[in-house]
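Novice: In this note's numbering, the protein residues as written are 7 to 255.
In structure tokens:
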């Protein structure tokens, strides 16, 4: 590989080499490319012409761990989410504080939007992902924590936010409006407890095993018989996208 190439160019070259060795053509979606500041659109015809005998990938990506035929939430933690220690620490913190299982369940999945899907508006994405499978209070609280985390109660404004966003950062108006609505909601305290157990769950020296929550998941997460992604729920497509994130269509 050319020694004058930048690190990004080396990564791109390695990626192209690996893709060339696969039996199918793998194309990144527009969202992948936008994250790199790339607004171009892949030319499918040109890709097929450059790769005679190959077709666009429409199944599992061989570079990723294969998911079980009927994946469970725990399978997604094992094969698609991660590292998930923050979520596991948060859920354990809630257990040790004597929170009820709805709060523990909410803590366990409150950031799956970040670790499994996308950072932007992760509370909204995460809530939508789990809404068909959990109590309405849990999904509402996950959505609301997106706003509440910027307005601490009983603890200081997170130093990590100052480092990440700057001391002068102010949340967008829609976050402020969401916060005001949440304060008057009957499930406000459930969402607030997510933020409480969120803030104390970043210890790199604490390791929590997913199996600690097997029973809580079993009682509070409605696992579809067909497997997450293969049922007909309003969010099944989101789970399918995580199973096969590079499907052409």
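Every residue gets a Cβ at the ideal spot worked out from N, C-alpha and C, and that includes glycine.
1. Return the residue from the list 207, 149, 113 and 140 that minimises the CA-CA distance to residue 126.
2. Figure out for me which residue from 174, 108, 32 and 135 has the closest Cα to the Cα of residue 244.
3. Quick one: what's got a C-beta closer than 6 Å to residue 228's C-beta in the same chain, skipping five residues either side?
4. Using a Cβ-Cβ cut-off of 8 Å (strictly less than) and excluding sequence neighbours within five positions of residue 220, which residues of its own chain qualify?
5. Going straight from the alpha carbon of residue 298 to that of residue 96, what length do you get?
6. Helix, strand or coil: which one does DSSP assign to residue 203?
7. Enumerate in chain order the residues of its own chain whose CB-to-CB distance from residue 110 is below 6 Å, with the five nearest sequence positions on each side excluded.
8. Taking Cβ to Cβ, would you say residue 239 is nearer than 8 Å to residue 251?
9. Going by Cα to Cα distance, which pick from 113, 64, 55 and 58 is closest to residue 34?
10. Alpha carbon to alpha carbon, how far is residue 61 from residue 30?
11. Please list the terminal residues of the continuous alpha helix (DSSP H) segment that includes residue 38.
12. Along the chain, which unbroken stretches of the alpha helix (DSSP H) at least 4 residues long are found entirely within the stretch 100-152?
13. Just how far apart, CA to CA, sit residue 212 and residue 147?
14. In the DSSP assignment, the alpha helix (DSSP H) including residue 246 goes from what residue to what residue?
15. Going by DSSP in three states, residue 55 sits in which element: helix, strand or coil?
16. Hey, how far is the Cα of residue 164 from the Cα of residue 50?
17. Can you tell me whether residue 105 is buried or exposed, with buried defined as 16 or more other CB within 10 angstroms of its CB?
Specialist: So, from the data block:
1. 149
2. 135
3. Closer than 6 Å at Cβ, skipping near neighbours: 139.
4. 80
5. The structure shown does not extend to residue 298, since the chain is modelled only from 7 through 255, so no value can be given for it.
6. helix
7. 97, 100, 101 and 222
8. no
9. 64
10. One Cα belongs to residue 61, the other to residue 30, and the distance between them is close to 5 Å.
11. 36-40
12. 107-115, 118-122 and 128-136
13. Between the alpha carbons of residue 212 and residue 147 lies a distance of about 25 Å.
14. 242-249
15. helix
16. 46 Å
17. buried
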